[in-house]
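Q:
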Amino acid sequence: MKTSKQTTYSMRSSTSGRPAAVSVSRTSAPVYRASSLHGGAGGSRISISSGFRSGLGAGMSVGSGVGGFSNSVQVSSSGNSGDIMGNEKFAMQNLNDRLANYLETVRNLEQANQKLEIKIKEALEKSGPDFRDYSKYQAILDDLRRKVFDANCDNARLVLNIDNARLAADDFRVKFESELAIRQSVEADIVGLRKLIDDTNMSRMNLESEIESLKEELIHLKKNHENEVMELRNQIAQSGVRVDVDAPKGQDLAQLMTEIRAKYEKMALKNQEELKTWHESQMVEVQTQVSHNTEALKGAQTETKNV
Numbered sequence: 000m001k002t003s004k005q006t007t008y009s010m011r012s013s014t015s016g017r018p019a020a021v022s023v024s025r026t027s028a029p030v031y032r033a034s035s036l037h038g039g040a041g042g043s044r045i046s047i048s049s050g051f052r053s054g055l056g057a058g059m060s061v062g063s064g065v066g067g068f069s070n071s072v073q074v075s076s077s078g079n080s081g082d083i084m085g086n087e088k089f090a091m092q093n094l095n096d097r098l099a100n101y102l103e104t105v106r107n108l109e110q111a112n113q114k115l116e117i118k119i120k121e122a123l124e125k126s127g128p129d130f131r132d133y134s135k136y137q138a139i140l141d142d143l144r145r146k147v148f149d150a151n152c153d154n155a156r157l158v159l160n161i162d163n164a165r166l167a168a169d170d171f172r173v174k175f176e177s178e179l180a181i182r183q184s185v186e187a188d189i190v191g192l193r194k195l196i197d198d199t200n201m202s203r204m205n206l207e208s209e210i211e212s213l214k215e216e217l218i219h220l221k222k223n224h225e226n227e228v229m230e231l232r233n234q235i236a237q238s239g240v241r242v243d244v245d246a247p248k249g250q251d252l253a254q255l256m257t258e259i260r261a262k263y264e265k266m267a268l269k270n271q272e273e274l275k276t277w278h279e280s281q282m283v284e285v286q287t288q289v290s291h292n293t294e295a296l297k298g299a300q301t302e303t304k305n306v
């Protein structure tokens with residue numbers, strides 16, 4: 000099969016407003032010739048073709064379609080190739096005129112399509128669901144948002160207060176534990192002081208018992224001395240002899256016992272007063288510490304209860 004000489008014109012137009020594009024291509028061969036033009040926009044299509052053969056045929060066709068609309072133009076002629084080559088300029092002018100008419104038709108169809116789309120949109124809006132106006136709920140929503148914000152602020156404030164109270168409670172717990180340790184140490188000191196008081200009382204009782212025994216011994220010595228003096232006096236009175244002795248007087252035993260007793264009583268009284276003074280000072284100091292610790296403990300317990 001021999002190749003043909005063919006001229007092709009193609010054009011595509013768009014409903015979006017873009018300009019149509021036309022392309023022309025030509026192939027040459029010694030025997031056959033054909034030309035065609037195609038165009039389309041959305042649902043439209045243009046087809047223009049012309050062909051020349053070495054026999055006796057020539058043809059041109061134009062077709063278009065937009066949506067459910069279609070239009071086609073077909074021109075055919077027969078003759079020899081020499082006449083067609085000579086009338087190519089006339090055919091191109093005729094083709095341009097037909098193309099202009101077709102483009103006008105396409106524009107009209109596009110306008111009709113736009114009108115139909117507008118009508119369809121309006122029909123859908125009318126037949127669609129009713130639009131609900133929620134603007135009346137805006138004030139309620141704003142009030143609820145404000146309340147939620149206030150509640151969040153209150154919650155944050157409460158959480159902060161709880162944290163502060165927890166920290167304060169921890170501080171008071173530490174203070175309570177330290178004061179409790181001090182109180183226990185003071186109580187231990189009090190127990191030791193009481194033991195010391197008991198020991199002092201025992202010493203005092205021992206000293207008192209010794210004093211009593213010395214008093215009894217002194218009384219016994221006095222009695223013996225008086226008895227001896229009475230016996231000597233009786234013997235002297237019975238014998239009728241008076242004897243004077245220039246020897247120095249012996250030490251009076253009664254006076255000696257009195258001095259010893261006074262000395263021991265003075266020492267015991269002094270020790271007793273010193274012990275009493277020291278005991279009273281220790282008791283005052285311990286009571287002061289106990290009262291201070293008790294007040295601090297009560298204050299800590301009160302603050303803990305308040306927290």
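Each residue of the sequence shown is one higher than the one before, starting from 0 at the first, in numbering that gives the first Met the number 0.
Glycine included, each C-beta is placed from N, C-alpha and C at the ideal position.
(1) So for Tyr263, helix, strand or coil by DSSP?
(2) Could you check what DSSP says for Tyr133 in three-state terms: helix, strand or coil?
(3) Verify whether the separation of the beta carbon atoms of His278 and Leu192 is less than 9 Å.
(4) Once DSSP output is grouped into helix, strand and coil, what is the label at Asn223?
(5) Counting C-beta neighbours from all protein chains within 10 Å, is the total for Ala299 16 or more, i.e. buried, or is it exposed?
(6) Compare the beta carbon distance of Ile210 and Glu264 with 9 Å and say whether it is the shorter of the two.
(7) Look at the alpha carbon of Ala308 and the alpha carbon of Ile139, and state the distance between them as a whole number of angstroms.
(8) Ordered along the chain, which non-local residues of its own chain (more than five positions away) have a Cβ less than 7 Å from that of Leu274?
(9) Out of Thr301, Glu302, Thr293 and Val285, which has the shortest C-alpha to C-alpha gap to Ala187?
(10) Between the Cα of Asn205 and those of Ala155, Ala267, Ala236 and Asp153, spot the shortest distance and give me the residue it belongs to.
(11) Buried or exposed: which applies to Tyr101, given that a residue is buried once 16 or more other Cβ atoms fall within 10 Å of its Cβ?
(12) Hey, does Lys275 have any beta-carbon neighbour from chain D nearer than 9 Å?
(13) So Ala253 and Lys221 are supposed to be a Cβ contact under 8 Å. How far apart are they, rounded?
(14) Report back the beta-carbon spacing between Ala295 and Glu178 to the nearest angstrom; my notes put them in contact at under 8 Å.
(15) Among residues of its own chain, excluding the 5 on either side of Ile189, which ones have a beta-carbon nearer than 7 Å to its beta-carbon?
(16) Rounding to the nearest angstrom, what Cα-Cα distance links Glu109 and Lys118 in this structure?
A: Quick look at the numbers:
(1) helix
(2) coil
(3) yes
(4) helix
(5) buried
(6) yes
(7) Residue 308 cannot be examined here, being either before or after the span of the chain that is shown, 0 to 306.
(8) Thr199
(9) Val285
(10) Ala267
(11) buried
(12) Of the chains in the structure shown, none is chain D; there is only one protein chain.
(13) 6 Å
(14) 5 Å
(15) Val285
(16) 14 Å
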